[in-house]
Structures are given as structure tokens and as C-alpha cells.
Amino acid sequence: MEDQVEVIKSNKGGMKVIHKGYMYTVHKKRQCGGIRWRCAQRSLHCKGSISTGVDGPPKVNMPHNHLPDLHSVALARGRQSDDFGSLSHLLDVKFEEDPGIHLLIGKG
Ligand SMILES: [Zn+2]
């Protein structure tokens, strides 16, 4: 189950995901329902990015230039409320027609 994304809410109200110890912010939502995520460590000039879609595990687009930031991940997780944890919050109506997505994404 390691190849899953965990959705969290940032302290500013934005969305983030955690994947394999790296934290990402939304880069671009795509029409097909997928989302591109960019590494949250901008200060490192990291180009790390992943894509999540309607099926299958997240795709890694670009690798990171640093190690996973487990400390930040732990902090971000600690701020979460219990009722928030599914990527479906981010996605289009389209996903509501396909409940199977909940089995694939968002169950940390
Ligand atoms: Zn990175």
C-alpha cells in the first residue's frame, strides 16, 4: 500500500498530498480528472512532481533532488482533522459516477 497518496489540508486551507515521504501541492488540474502535483519544497528548487488520475497508482513525472522530508510530513499529518482524507474532495463530479476511485486513492 505504499504507492498511494495521502491527501491533507495545509494550514492555509490548501490541499497537499503525501507520497512516499514527499509532500506536494497542486500544480494543475487536468480535464480528464487527473491532477498534477508539484513538490512542496520550492526552496530547494526541486522539480519533483507526480500525477494522480482516475485509475492506478500515482505516476512519478520528475524525481526529487533531495530526500523525503519526514519531519514536515509528520507535522502536516498532525494538523489534520479526521474527516478529511480523500482525494475525491478535489476531483470533479465525474468521480462521483465512479465510486471505484475511492478504493484506489485516499485510503492512507
Ligand atoms: Zn522535492
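Quick note: the sequence shown uses this note's numbering, first residue 21, plus one each step.
Built from N, CA and C at the ideal position, the CB exists for glycine as well.
Bear in mind the structure is a predicted one, so any value in this text is a computation, not a measurement.
Distance between residue j and residue i (C-alpha atoms, nearest Å)
| i | j | result |
| --- | --- | --- |
| VAL25 | LEU87 | 17 Å |
| VAL74 | GLY33 | 24 Å |
| GLY129 | GLY98 | Nothing in the structure corresponds to residue 129, since the chain is present only between 21 and 128. |
| LYS48 | GLY76 | 19 Å |
| ILE38 | GLN51 | 22 Å |
| VAL28 | ASN85 | Here residue 28 turns out to be Ile, not Val, going by the sequence shown. Distance between the alpha carbons of ILE28 and ASN85: 23 Å. |
Environment of residue i [buried if 16+ CB atoms lie within 10 Å]
| i | result |
| --- | --- |
| HIS65 | exposed |
| ASP23 | exposed |
| SER63 | exposed |
Where the beta strand (DSSP E) through residue i begins and ends
| i | result |
| --- | --- |
| HIS39 | 35-39 |
| VAL27 | 26-29 |
Supposed contact pair residue j and residue i - C-beta distance, whole angstroms, cut 8 Å
| i | j | result |
| --- | --- | --- |
| LYS79 | SER71 | 5 Å |
| ALA94 | LYS36 | Not a contact, Cβ separation roughly 13 Å. |
| MET82 | ALA60 | Their Cβ separation, rounded to whole angstroms, is 14 Å, which puts MET82 and ALA60 out of contact at 8 Å. |
| LEU90 | GLY41 | 6 Å |
Uninterrupted beta strand (DSSP E) stretches inside the segment 47-99 (no shorter than 3 residues): The qualifying runs are 55-59, 69-72 and 79-82.
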